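Protein chains in written order, with the numbering used here: chain A, 2 to 299; chain B, 216 to 518.
Every residue, glycine too, gets a C-beta built ideally from N, C-alpha and C.
Keep in mind that this is a model prediction, so the values were computed, not measured.
The structure appears below as structure tokens.
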């Protein structure tokens with residue numbers, strides 16, 4: 002009986018920790034889904050720009066010993082700039098209907114960014130300042146890690162800010178208009194290119210924050226994190242439904258908890274396999290994701 | 216000479232990989248799963264020759280059968296989604312296969328020596344060619360015989376109704392459906408054929424390179440696989456072959472000038488080509504230009 006209780010506590014603890022960490026996946030998922038919602042295209046280089054943002058903030062930290070706030074701001078800003086550059090190089094000049102070419106170009110962008118980072122850091126993992134790592138709250142048999150809680154709170158604030166921008170500002174209105182029907186938006190005088198580039202930049206901001214969050218929660222930054230983060234972000238976006246922000250949030254938190262429980266039960270080597278298997282389960286039973294708009298046209 | 220033959224072998228195997236993605240690209244689907252089928256084909260054929268002592272041709276044959284069945288099974292859930300989601304699904308599948316082999320262990324004692332796949336350490340000592348006295352030229356010929364056969368088969372299929380059906384689905388699924396083409400069957404069939412070809416490539420690869428490591432089967436390989444037909448265009452199989460020669464040659468040359476930075480060049484190259492020629496280097500426009508150029512040359516010679 003004691004054993005069962007112990008297992009139960011350990012598993013719910015994993016779920017809770019994973020839930021808090023899942024906010025990073027949620028932000029990445031929101032980023033992917035924003036771009037997909039606005040342009041109907043996938044930016045495979047997105048998680049790479051997020052991590053590149055984290056790397057630049059780490060550089061600032063190492064050279065200037067910056068404080069917490071500065072780290073996040075630098076990460077967000079550099080990821081936003083990179084996001085804009087990715088838009089210019091991979092999406093701006095490719096014909097609107099050609100989704101595959103744009104996506105292929107963003108894969109090229111992913112390799113490019115990955116190589117630059119690998120060469121600048123000589124491929125070795127770097128330690129990232131972990132914030133509030135010493136804080137640890139005990140609630141009954143459970144412990145809440147301060148750094149995970151911090152990450153979750155940042156996620157909440159960022160999502161809240163994004164929703165505010167999206168639904169209460171003119172920029173957000175333009176973004177939603179272009180997403181719904183770009184021809185009509187153009188007829189109303191909105192510039193598609195400047196709206197889309199702003200969407201990329203905003204997604205980049207979110208990504209930079211997510212990158213810094215992930216690095217802070219894990220404690221290290223390494224180029225080998227780039228691909229799993231991309232894949233998990235994409236999985237979260239697809240499970241939540243392409244184009245749906247609440248879907249991305251819920252899916253991100255869910256995937257975070259799921260993978261943590263799997264890691265507790267089966268170890269870290271097999272963890273990511275189960276996340277992929279989860280994707281396939283969703284593809285079989287709910288291909289449009291939790292809240293996706295039904296895809297009627299390619 | 217050995218270095219040169221190695222390059223020729225790599226070009227051959229990558230052409231097969233590109234052709235497996237080509238078949239799928241004809242139906243308008245971008246599949247990043249070919250590296251996964253490649254890995255399954257490689258490990259299956261290698262296990263059969265190393266652990267069970269099979270002859271190489273049946274081993275590769277069974278490898279192709281297993282990847283074909285796997286592709287068939289994967290096709291159904293994966294093809295329920297369109298376009299971009301298919302990319303995500305195939306990307307995830309490819310990573311799943313890689314992680315599977317990262318964890319896969321099957322060690323067997325043979326003549327006092329332990330052989331077999333060993334999880335993170337990979338699968339070494341795939342010594343079939345060495346043990347049976349194959350020369351390097353024979354290995355290269357084997358690979359290229361298969362390349363020529365597959366290219367010929369695809370080219371021939373393209374001249375028949377099958378080719379038209381595949382391309383119809385690729386151009387416009389809705390229109391294809393209205394003329395009575397079963398889109399789902401076509402797509403699953405294309406995926407199965409692509410899987411079989413990738414399995415063939417994998418089986419040849421495993422024995423040529425004599426050791427398998429999960430690092431070889433990453434998204435990078437999957438991207439190469441799809442980059443070849445995208446660069447080469449879907450108008451002709453020869454486009455894929457030229458693209459393979461071009462990219463492999465570029466990377467080899469790039470190694471000389473840029474060393475480790477050549478991946479940067481590869482990434483930048485993809486971005487540039489996609490912007491300049493989104494329909495691939497060898498699209499119908501380019502092919503027409505080539506035909507006209509050749510016609511001019513010949514007519515000048517005759518008159």
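(message) If you follow the alpha helix (DSSP H) that residue 275 of chain A is in, where does it begin and where does it stop?
(response) 269–286
(request) Under 8 Å by Cβ, that's how I've got residue 250 of chain B and residue 432 of chain B pegged, so tell me the actual separation to the nearest angstrom. (result) 5 Å
(request) Can you have a look at residue 289 of chain A and say buried or exposed, based on whether 16 or more other CB atoms are within 10 angstroms of its CB? (result) buried
(message) Counting only C-beta atoms, is residue 238 of chain A closer than 9 Å to chain B at any point?
(response) yes
(message) Using beta carbons (cut-off 9 Å, strictly below), is residue 116 of chain A in contact with chain B?
(response) yes
(message) Quick check: residue 35 of chain A and residue 246 of chain A, are their CB atoms within less than 9 Å of each other?
(response) yes
(request) Report all residues from its chain with a CB closer than 7 Å to the CB of residue 500 of chain B; omit the five preceding and five following residues, and keep chain order. (result) If we look at residue 500 of chain B and ignore the five residues flanking it on each side, it has no Cβ neighbours.
(message) Considering only the alpha carbon of each residue, which of A:249, A:285, A:240, A:234 lies closest to residue 45 of chain A?
(response) A:234
(request) Report the neighbours of residue 110 of chain A on chain B: residues whose CB is nearer than 7 Å to its CB, in chain order. (result) 482, 486
(request) Can you tell me which of A:49, A:240, A:38 puts its alpha carbon nearest to the alpha carbon of residue 216 of chain A? (result) Of A:49, A:240, A:38, the residue nearest in Cα terms is A:49.
(message) I'd like to check one pair, residue 219 of chain B with residue 312 of chain B: are the Cβ atoms closer than 9 Å?
(response) no
(request) Return the residues of the stretch 290–306 of chain B that lie within a Cβ-Cβ distance of less than 9 Å from chain A, sorted by chain order. (result) 291, 292, 293, 295, 296, 297, 298, 299, 300, 302, 303, 304, 306
(request) Ignore the nearest five residues each way along the sequence and tell me which others in residue 14 of chain A's own chain have a CB closer than 6 Å to its CB. (result) 143
(request) Taking only beta-carbon positions, decide if residue 183 of chain A is within less than 9 Å of chain B. (result) Contact of residue 183 of chain A with chain B is not assigned, every C-beta pair being separated by 9 Å or more.
(message) Just to make sure I have the definition right: I need the residues of chain A whose C-beta is within less than 7 Å of the C-beta of residue 445 of chain B. Which are they?
(response) Using a Cβ-Cβ cut-off of 7 Å, residue 445 of chain B is close to 105 of chain A, given in chain order.
(request) Give me the Cα-Cα distance between residue 107 of chain A and residue 196 of chain A, rounded to the nearest whole angstrom. (result) Taking the straight line from one Cα to the other gives about 19 Å.
(message) Looking only at its chain, what residues have a beta carbon closer than 6 Å to the beta carbon of residue 384 of chain B, apart from the 5 residues adjacent to it on each side?
(response) Contacts found: 242, 391, 398, 401.
(message) Please report the straight-line C-alpha distance between residue 275 of chain A and residue 125 of chain A, rounded to a whole angstrom.
(response) 27 Å
(message) 9 Å is my cut-off, CB to CB: does residue 336 of chain B come that close to chain A?
(response) no
(message) Quick check on the DSSP output: what are the complete alpha helix (DSSP H) runs of length 4 or more inside the stretch 6–77 of chain A, in order along the chain?
(response) Here the runs fully enclosed are 47–65.
(message) Quick check on residue 288 of chain A - is its C-beta less than 9 Å from some C-beta in chain B?
(response) yes
(request) Quick one: grab the DSSP three-state call for residue 340 of chain B. (result) Three-state DSSP puts residue 340 of chain B in coil, outside helix and strand.
(message) Any beta carbon of chain A sitting closer than 9 Å to that of residue 205 of chain B?
(response) Given a span of 216 to 518 for chain B in the structure shown, any question on residue 205 of chain B remains unanswerable.
(message) Which of the three DSSP states is assigned to residue 90 of chain A in this structure?
(response) helix
(request) Mind listing the chain A neighbours of residue 310 of chain B? Cutoff is C-beta to C-beta under 9 Å, in chain order. (result) 228, 229, 232, 273, 274, 277
(message) Suppose only complete runs of 3+ residues qualify. What are the beta strand (DSSP E) ranges in the stretch 215–243 of chain A, listed by chain order?
(response) Within the stretch 215–243 of chain A, no run of beta strand (DSSP E) reaches 3 residues while sitting entirely inside it.
(message) Looking only at its chain, what residues have a beta carbon closer than 6 Å to the beta carbon of residue 339 of chain B, apart from the 5 residues adjacent to it on each side?
(response) 426
(message) Looking at chain B, is there any beta carbon in it that lies within less than 9 Å of the beta carbon of residue 270 of chain A?
(response) yes
(request) Leaving out five residues on either side along the sequence, give the residues of the same chain with a beta carbon under 7 Å from the beta carbon of residue 159 of chain A. (result) Excluding five sequence positions before and after residue 159 of chain A, the CB atoms of its chain that fall closer than 7 Å to its own CB belong to 28, 207, 210, given in chain order.
(message) Quick check on DSSP: helix, strand or coil for residue 128 of chain A?
(response) The answer is strand: DSSP assigns residue 128 of chain A an E or B state.
(message) Closest to residue 22 of chain A by C-alpha separation, out of A:150, A:168, A:68, A:73, would be which residue?
(response) A:150
(request) Report the residues of the stretch 243–264 of chain B with a CB closer than 8 Å to any CB of chain A, ordered along the chain. (result) 243, 245
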